[in-house]
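Taking the numbering used here, the leading residue of the sequence shown gets 85, the next gets one more, and so forth. The C-beta atom is built at its ideal place from N, Cα and C for all residues, glycine as well. Heads up, the thing below is written out as structure tokens.
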Amino acid sequence: MPRSEHDNQQIRASRRTEILAAATRVFVDKGLARAKVTDIAAAANLSNGLLYHYFPSKEAVFEAIAVEMIEQAEAELDEPHERAVDRLLHAILRRRAQLDEQGVDASRVVMQAVLHGEAMSPSLRMLLAEHLQRLTGRIVGLIAQAQREGDIDPKVDAEELTRVMMFLFRGMSIRMPDFAVPMPKPETILATLRLTPAGARRATRALQPPRKKAAV
85 MPRSEHDNQQ IRASRRTEIL AAATRVFVDK GLARAKVTDI AAAANLSNGL
135 LYHYFPSKEA VFEAIAVEMI EQAEAELDEP HERAVDRLLH AILRRRAQLD
185 EQGVDASRVV MQAVLHGEAM SPSLRMLLAE HLQRLTGRIV GLIAQAQREG
235 DIDPKVDAEE LTRVMMFLFR GMSIRMPDFA VPMPKPETIL ATLRLTPAGA
285 RRATRALQPP RKKAAV
């Protein structure tokens, strides 16, 4: 029985995800400049021809990784929560857990390329700059709202606190997984938010593991 169009779409989406995951490992290991399409194809267990069916160049693969990073970062701040500080807390804890578990992810690939001054197209540089500006504005807005709601110290400058958080996570994203430098503890990261007693209580709840649903 031939595959349906839905089945084909699922296969293409799954293979695209596998290519991006393999490319992420290759870019971290070799860097954008030294990596080759053949390296990515080998890491994904694909022929060069099949990889070209999905991406015309390694630069296109890198751009897809960057776009995925952008979409993930912005989606984490969009999740519905009762208060602004809850959005911040859950986004921070999820991001920290992802970096700790995966070791290598899209943000590390992009930050490594930026730090090493590797060649990126002007359109991708503009895309990343727009994302950073948009993400910074979103975080500043959430911190300011959390201050109005009494969960973050109102005497702290929201833009300055945002810069602290951004630099903290940039540093964690380029941490070498094979170096014996552990991630900061979640409660240590949350302490940088300058939470009020009310905000600290919400942080304590956020740090607790989710309750298991009772069997019916």
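Residues near residue i by beta carbon distance below 6 Å, same chain, minus five either side
{"i": "Gln231", "result": "Pro238"}
Limits of the unbroken alpha helix (DSSP H) element including residue i
{"i": "Asn132", "result": "Asn132 to Tyr138"}
{"i": "Ile116", "result": "It is worth fixing the name first, because residue 116 is Leu in this sequence and not Ile. Looking at the DSSP string, the run of the alpha helix (DSSP H) that includes Leu116 is Glu89 to Arg118."}
{"i": "Asp123", "result": "Val121 to Ala127"}
{"i": "Arg254", "result": "Ala242 to Ser257"}
{"i": "Glu155", "result": "Lys142 to Glu160"}
8 Å contact criterion, which residue i and residue j should meet: CB distance rounded
{"i": "Gly283", "j": "Ile236", "result": "6 Å"}
{"i": "Ile103", "j": "Leu135", "result": "6 Å"}
{"i": "Phe146", "j": "Leu183", "result": "With 8 Å as the limit, Phe146 and Leu183 do not qualify as a contact, their Cβ atoms being about 20 Å apart."}
{"i": "Ala150", "j": "Leu211", "result": "7 Å"}
Environment of residue i [buried if 16+ CB atoms lie within 10 Å]
{"i": "Ala97", "result": "exposed"}
{"i": "Val300", "result": "Unreliable positioning characterises Val300 in this predicted model, as indicated by a pLDDT of 46, which lies under 50. A coordinate reading is not provided."}
{"i": "Ala125", "result": "buried"}
{"i": "Met267", "result": "exposed"}
{"i": "Ser257", "result": "buried"}
{"i": "Leu173", "result": "buried"}
{"i": "Ile154", "result": "buried"}
Per DSSP, the bridge partner or partners of residue i
{"i": "Ile236", "result": "Leu279"}
Cβ shell of residue i (< 7 Å), same chain only, five flanking positions each side left out
{"i": "Val248", "result": "Thr276"}
{"i": "Val112", "result": "Val188, Arg192, Val193 and Gln196"}
{"i": "Arg171", "result": "Leu161, Glu163, His165 and Leu226"}
{"i": "Leu208", "result": "Glu147 and Ala150"}
{"i": "Ser205", "result": "Glu143"}
{"i": "Leu279", "result": "Asp235, Ile236 and Ala287"}
{"i": "Arg179", "result": "Glu160 and Phe253"}
Beta-carbon contacts of residue i that lie in its chain and below 8 Å, excluding the five residues immediately before and after
{"i": "Thr246", "result": "Thr220, Ile223, Val224 and Ile227"}
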